[in-house]
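So that you can map any letter, position 91 of the sequence shown is 90 in numbering that gives the first Met the number 0, and since no number is skipped, the others follow by simple counting.
A short worksheet on the structure shown next.
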Amino acid sequence: MRTILIVGNWKMNKTASEAAAFVREVTPRLSVSPAVDYVVAPPFTALESVRAALGSSSPLQLGAQNMFWEDRGAYTGEISAPMLKELGCRYVILGHSERRALFGEQNDGIQKKLRAALAHDLKPILCIGESFAQREDGKTEEVLQQQLHGALAGLSLHSVTALTVAYEPVWAIGTGKAATTDQAVAAHRTIRAFLAKMWSANVADTTRILYGGSVTPQNIGALLQSDQIDGALIGGACLQADSFVTITTIAQSIGARP
Ligand code: 13P
């Protein structure tokens with residue numbers, strides 16, 4: 000069984016006090032169920048205030064948007080896995096297309112980050128996805144397989160169980176043009192087939208695969224109708240309390256995957 004996972008990636012939005020106010024507002028309004036996990040990924044500067052605002056009983060778990068692979072040292076501007084752990088992070092988003100496109104991240108570095116996250120018991124959410132041009136050229140499957148191979152090659156069967164994959168087509172991010180459920184399902188099947196080939200049918204069956212890219216309260220229900228789609232990685236629609244709460248209500252009404 001795969002529990003649905005809804006992740007709010009806040010990107011570079013909300014100061015520490017704005018972030019704390021947001022979680023204080025939404026926490027009592029969330030639809031809670033053992034069939035759905037909720038994660039918020041604020042900027043690094045808001046992790047501490049969000050953790051304090053969540054307290055010990057909130058259904059929201061904490062995630063980070065990135066990290067570096069070394070534990071400590073002369074790496075100006077970077078943040079390590081032990082630092083995130085101490086702040087209460089359980090998840091970390093890695094390889095987001097904005098990091099690949101704007102900050103030059105490549106598969107080999109993403110793989111090092113992924114291994115470091117796993118070594119410190121952080122659950123990585125690996126983002127992959129094709130550009131519009133790659134889709135037009137019929138290269139979607141090839142791109143997804145390359146990104147998966149680049150980030151995951153050589154990972155042990157044991158460590159891969161903590162992995163979540165997020166399929167985020169670049170053309171759908173922040174554009175208001177979400178993938179159709181059929182497009183997302185096709186990509187998720189490619190990802191699952193890769194996991195089955197690289198590890199096992201069991202890994203393919205148990206790994207959560209999220210969809211991301213212009214997810215809203217209006218389209219989340221249709222996306223989650225397919226049991227191939229185990230949740231969503233959401234940017235803009237998670238920044239407003241009302242839309243975030245509505246998304247959690249819809250996810251909760253759908254429940255876990257068989
Ligand atoms: P939007 O939901 O704003 O399209 O962002 C998606 C995303 O990049 C989440 O990581």
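Every residue gets a Cβ at the ideal spot worked out from N, C-alpha and C, and that includes glycine.
The model shown is predicted, which means the values in this text are computed figures rather than measured ones.
The residue among S57, G94, V35, T163 with its C-alpha nearest the C-alpha of S252 is V35. D226 and S158 have their alpha carbons spaced roughly 24 Å apart. Selection H187, N106, M197 evaluated against G211 yields H187 as nearest (Cα-Cα).
Relative to the ligand 13P, even the nearest heavy atom lies 7 Å or more away from the CB of A19. Look at the beta carbons and you see the stretch 14-26 not touching the stretch 216-235: under three pairs across the two are nearer than 8 Å.
The DSSP-derived three-state label of P81 is helix. Excluding residues up to 5 positions away in sequence, S225, Q227 lie with their Cβ nearer than 6 Å to the Cβ of V184 in the same chain. In the DSSP assignment, G220 falls within the alpha helix (DSSP H) that extends over 219-223. In this structure, DSSP gives A255 a state outside helix and strand, which the three-state scheme calls coil. Per DSSP, the continuous beta strand (DSSP E) segment holding Q60 begins and ends at 59-63. The closest heavy atom of the ligand 13P lies less than 7 Å from the beta carbon of E167. The nearest non-hydrogen atom of the ligand 13P is 7 Å or more from the C-beta of S225. For D36, the beta-bridge partners assigned by DSSP are L4. Listed in chain order, the alpha helix (DSSP H) runs fully inside the stretch 71-157 are 80-85, 96-102, 106-118, 131-135, 139-151, counting runs of at least 4 residues.
Around the ligand 13P, the residues whose beta-carbon falls short of 6 Å from at least one of its heavy atoms are N8, H95, E167, I172, G173, G211, G212, S213, V214, L232, I233, G234, G235, A236, given in chain order. Collapsing the DSSP output to three states places T174 in coil. Residues A80, P81, K84 of the same chain have their beta carbon placed closer than 7 Å to that of H119, with the five preceding and five following residues left out of the count.
By a beta-carbon distance limit of 8 Å, L147 contacts I127. Their separation comes to about 6 Å. Look at V31 here: in three-state DSSP terms it is coil, with no helix or strand label.
Taking every protein chain shown into account, the CB of M66 has 16 or more other CB atoms within 10 angstroms, so this residue is buried. For V164, there is no enclosing alpha helix (DSSP H); the residue is part of the beta strand (DSSP E) that begins and ends at 163-166. Across the set L61, V91, A132, the C-alpha of A132 shows the shortest separation from the C-alpha of V169. Rounded to the nearest whole angstrom, the C-alpha separation of S96 and K10 is 12 Å. The alpha-carbon of R134 is positioned some 13 Å away from that of Y166. Counting only the Cα atoms, P216 lies some 5 Å from I246. If you draw a 10 Å sphere on the C-beta of R256, you find 16 or more other C-beta atoms in it, and that means buried.
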